[in-house]
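Participant: Quick note, in the working numbering, the sequence shown goes up one by one and the last residue is 315.
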Amino acid sequence: MAETVDARGLSCPQPVILTRTALQKTSGGEVIVVVDTMTQVHNCTRAAEKLGWQASYADKGEAFELTLRK
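Quick look at the structure:
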């Protein structure tokens, strides 16, 4: 089961910090990150890719859902 990080309502750099922490706790699989803005999508995606994860996202209306896989 994928771990979910809900970073809605948090300002930078908190979403990136939470994302990195979740990714560093697991050796692989899937992590879902929910954020508010495209800036957070880009920042979290960049952080994940630096750690060797693949990222994709979907616009869910009031939030963006990133799916990170390794």
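Virtual Cβ for every residue (Gly too), placed ideally from N, Cα, C.
So what does DSSP say about T290, is it helix, strand or coil?
Facilitator: Correct three-state label for T290: helix.
Participant: CB A252 to CB D281, shorter than 9 Å?
Facilitator: Yes, the Cβ-Cβ distance between A252 and D281 is below 9 Å.
Participant: Using CA coordinates, which residue listed in S272, G254, V279 and T284 is at the minimum distance from L296?
Facilitator: That would be S272, whose Cα lies nearest to the Cα of L296.
Participant: From V286 to T264, what does the alpha carbon distance come to, in whole angstroms?
Facilitator: Between V286 and T264, the C-alpha separation is close to 11 Å.
Participant: List the endpoints of the continuous beta strand (DSSP E) containing L311.
Facilitator: L311 -> beta strand (DSSP E) spans F309 to R314.
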